[in-house]
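Asker: In this note's numbering, the protein residues as written are 26 to 221.
(1) Determine whether the beta carbon atoms of residue 79 and residue 103 lie at a separation below 8 Å.
(2) So residue 99 and residue 83 are in contact, right, with Cβ under 8 Å, and what is the actual spacing, rounded?
(3) What separation, rounded to the nearest whole angstrom, lies between the Cα atoms of residue 205 and residue 94?
(4) Return the CA-CA distance between residue 139 and residue 198, expressed in angstroms with no decimal places.
(5) DSSP state of residue 111, grouped into three classes?
(6) Could you check the C-alpha separation between residue 207 and residue 142 for me, to the nearest Å?
(7) Quick one: grab the DSSP three-state call for residue 186.
(8) Spatial neighbours of residue 200 within its chain, please: CB distance less than 7 Å, with the 5 preceding and 5 following residues excluded, ordered by chain position.
(9) Between the C-alpha atoms of residue 77 and residue 105, what's the straight-line distance to the nearest angstrom?
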């Protein structure tokens, strides 16, 4: 029974490691390519890059625990904050057109070469990881943290009864504030930005 538990945790860790090895280089290359092809740093582009960074952070945090609950909660908090920032930026910034550089064939070739090299390294590393890994040493490593540990106990208590009442009140307060802002904007049928 104990060996089955360790084997299940070991497979879970291998799956998360493989997922990270696929997504991390792809996200970094996409971000670099996204920055290179732009002439200006528009605030909306910066918000998109921040969403990419929050996705990467959540994938990294999911490696540290036995399930994805903590990383999903963090991602929901960050994305909800980013949507509010997006509302402010879209209401206050000027409506200028986005300028994209002419497509460079060298960028496409370099991007494809990096992508191929990334997948070759992924297959080599994943093969080595599966063949030379010990489930007992991986599970007992400091990188692999169980959600039953005291480190995550306060996070879990926030969403359990009776402590979840404060969380629900905060959610309803933010929802009412969002509806109030929408109502204020819809009365004048205009944005928050003053139009001359």
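Glycine is no exception: its CB is placed at the ideal position from the N, C-alpha and C atoms. It should be emphasised that the depicted structure is a prediction, and the values quoted were computed from it without experimental measurement.
Answerer: Quick answer:
(1) yes
(2) 6 Å
(3) 31 Å
(4) 47 Å
(5) helix
(6) 48 Å
(7) coil
(8) none
(9) 14 Å
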